[in-house]
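Protein chains in written order, with full-length UniProt numbering: chain W, 1 to 245; chain Z, 1 to 345.
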Amino acid sequence: MNVILIDDEPLARSIVKEYLQAYPDVNIAAECNDGFEGLKAINQYNPDLIFLDIQMPKITGFEMLELIEEPPAVIFTTAFDEYAIKAFESNAIDYLLKPFSKDRFEKAIQKYLQQQKPVAPQKTEAVLEVAGQSPVQQNRVVVKDGSKIKIIPVLQIQYLEAADDYVKIFTSEGSFLKKKTMGYFDESLQAFQFVRVHRSYIVNTQLITRIDAYEKDSHLLLLSTGAKIPVSKSGYAKLKEVLGI
Amino acid sequence: MITGTSNRGLLFLNVSWWLIVSAVHAYVLSELLFSAHEILIDTLITSGLLGGISFLIVNNMRYYLPQREKYWYILFIGICVSGMSSLLSKFLFNVFLGDDEHYIELTQHTAGIRFGVGFLLASCIAMISLLWYNQEEQKEMNARRTEAEQLAKEAELYKLRQQLQPHFLFNSLNSISALTAVQPEKARHMINQLSEFLRGTLKKDEKQWNTLKEEMQYLELYLEIEKVRFGYRLQTDIICEEAAINLKLPSLLLQPVVENAIKFGLYDTTGEVMIKVHAFKKDNSLIVSVKNPFDPETSQPLKGTGFGLPSIQRRLFLLFARQDLLTTEKRDNNFITTILIPQAI
């Protein structure tokens, strides 16, 4: 069984290593200091199980998982994160609250071994769906740009467009795809003055320069970047409410 | 009800008032060429009664002060005082000036005027006394409010001093747990350090100020723990100028600033992180600057002011009533937090 440990504190990894010594068929394929290394190692070794810390340099454990097409089974190891804990309780294979005992660790491994047959990616996705609501994550979006990872501060987003299973995020540096639903962004971006003006469009209202009438019951938005975005009838009502017109 | 204030001020007010009234009263009578004996008796009886009765009633305002119909109450006092003294003076004139029929007759003729003037004078002093009471009440209320504000401020300051990051605590415990297997001696050492650090945080000390030297020792303790956690990634460089070593700063203020810099530095970059602390004296102020690297491309506009800095800012505001003591700047991929602590002269 291939395992990867991802935690920015060496001692935190060493305790997992120590506990894993009791399982001779476990092979620790890699130890990673942060999400970037983690991502690389996961692509390289395709592990069965990863131990993942949440608060790490640059990108959090959650953000790292979001970038993986088919995430492996995950046991989270974290010190304290009330939002995350809510997410784990309902969805994760298991989570270990630091510091954890050997007994507790063994229970987590048992749980993984029992649940192994029906593979767990949906579960991981469900965790992300809940954890994605945590305020830590709401002010930025992490995307993959080829082999690079890009962190986009929310206010740099100009608008979002639906694209099948993905959402296309437009910024001044180009557009990026992210595997999330429009509903997800609609909800999490409302606090930043974004409005879903159309079934397929969410717009940063701070960039709006003009609203023109267009055909029957629909409008056209002009952004300061020059982009033109269609507005549906219900979208126009929402827009008027947010802009106070 | 007014409590705790002496009524000496009020007594003085009343006595002076009625002495002046007596003097005017006597002067008017002397102008009308009455005998000294008549003037003396009349003045004593009239002013004495008015003054005595009104003081009794006014003094009672201490225990009963209507909140709503204050001004009707004044009118009521005026009528009461003047009416009662009219009745009593009629009796007393007969006792003391009974043989002076001419004068008795005069007092009967002037009874109306005497009542009117008495009413005005008594109302006036009742009004003045009422204002005096109101002022006292206001003073007491202000004192109470100041005291309540002071208490709230102290409670808030205490709470701000005590803020402990659960992340730090649990992660440190986790490190200790890892060390017990491989380096038990080091684990014990870290337990001791952590205990000492926690004791410093939990101290229910009313002491709000510490010297830079003491705060630096506390900071070192914290940094040693963090270095065990993060290993080679965390490097520190602390420069503390000799002239600044005995300057004072609010206790437990420096450590959260550095903690903030460490978090910012460690979570915003990968690889080694150098945290620089520089403390020095300038224009009778203590200045401490804390520098951490960050990545300008990914650092959050919202997070830019840091996780823990608002509470530091709040503390400084509560202590010095100034908003400009904590400043931050970004220079060459470094985030610099500077705190300025004015020294009492």
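Don't be surprised by glycine CBs; every beta carbon is placed ideally from N, CA and C.
* Asked: So is the beta-carbon of Leu120 of chain Z under 7 Å away from any non-hydrogen atom of the ligand GTP?
  -> Absence of the ligand GTP is noted for the structure shown, with no ligands found whatsoever.
* How many Å lie between Leu130 of chain Z and Thr110 of chain Z at the Cα? -> 30 Å
* Asked: What residue from Z:Phe170, Z:Ile341 and Z:Gln163 has the CA that sits closest to Leu97 of chain W's CA?
  -> Z:Phe170
* Asked: So, helix, strand or coil for Pro72 of chain W, using DSSP?
  -> coil
* Top-ranked residue by Cα proximity to Ala73 of chain W, from W:Asp53, W:Asp94, W:Thr60 and W:Pro57 -> Comparing C-alpha distances from Ala73 of chain W to each of W:Asp53, W:Asp94, W:Thr60 and W:Pro57 shows the shortest one belongs to W:Asp94.
* To do: Using a threshold of 8 Å, state whether the C-beta atoms of Ser47 of chain Z and Ala122 of chain Z are closer than that.
  => no
* Find out if the Cβ-Cβ distance for the pair Tyr159 of chain W, Ile202 of chain W is shorter than 8 Å. => Cβ distance < 8 Å, so Tyr159 of chain W and Ile202 of chain W count as in contact.
* Skipping 5 residues on each side, what residues in its chain have a beta carbon closer than 7 Å to that of Glu196 of chain Z? -> If we look at Glu196 of chain Z and ignore the five residues flanking it on each side, its Cβ neighbours are Leu221.
* To do: List the endpoints of the continuous alpha helix (DSSP H) containing Phe62 of chain W.
  => Gly61 to Glu66
* With DSSP as the reference, label Val26 of chain W as helix, strand or coil. => coil
* Pair within 8 Å by beta-carbon distance, Gly64 of chain W and Leu39 of chain W -> One point to set straight first is that residue 64 of chain W is Met, not Gly, in the sequence displayed. Less than 8 Å divides the Cβ of Met64 of chain W from the Cβ of Leu39 of chain W.
* With a floor of 4 residues, list each alpha helix (DSSP H) that falls wholly inside the segment 111 to 176 of chain Z, ordered by position along the chain. => 111 to 162
* Any C-beta of chain Z under 8 Å from that of Glu63 of chain W -> no
* To do: With distances taken Cα to Cα, identify the nearest neighbour of Lys178 of chain W among W:Thr225, W:Glu9 and W:Val143.
  => W:Val143
* How is Ser14 of chain W classed by DSSP in three states: helix, strand or coil? -> helix
* Asked: Quick one: is Glu259 of chain Z buried, meaning 16 or more other Cβ sit within 10 Å of its Cβ, or exposed?
  -> buried
* To do: Classify Glu31 of chain W as buried or exposed, calling it buried when 16 or more other Cβ atoms lie within 10 Å of its own Cβ.
  => buried
* Across which residues does DSSP place Val203 of chain W in a beta bridge pair? -> W:Tyr159 and W:Val195
* To do: Give the secondary structure of Ala41 of chain W by DSSP, where H, G and I count as helix, E and B as strand, and everything else as coil.
  => helix
* Take the Cβ of Gly244 of chain W as the centre, count every other Cβ of all protein chains shown within 10 Å, and call the residue buried at 16 or more, exposed below. => exposed
* Ile339 of chain Z, buried or exposed, once every other Cβ within 10 Å from all chains shown has been counted against 16 -> buried
* From the DSSP output, read off the bridge partner residues of Lys150 of chain W. => W:Val143
* Asked: Are the beta-carbon atoms belonging to Ile45 of chain Z and Phe115 of chain Z less than 8 Å from one another?
  -> no
* May I ask you to list the residues that DSSP assigns as paired with Val288 of chain Z? => Paired residues: Z:Ala279 and Z:Ile339.
* To do: Can you have a look at Ile312 of chain Z and say buried or exposed, based on whether 16 or more other CB atoms are within 10 angstroms of its CB?
  => Sixteen is the threshold: when 16 or more other Cβ atoms of the shown chains lie within 10 Å of the Cβ of Ile312 of chain Z, as they do, the residue is buried.
* Under 9 Å by beta carbon: chain Z residues contacting Phe194 of chain W -> The premise fails here: Phe194 of chain W is roughly 15 Å from chain Z at the closest Cβ pair, so nothing lies under 9 Å.
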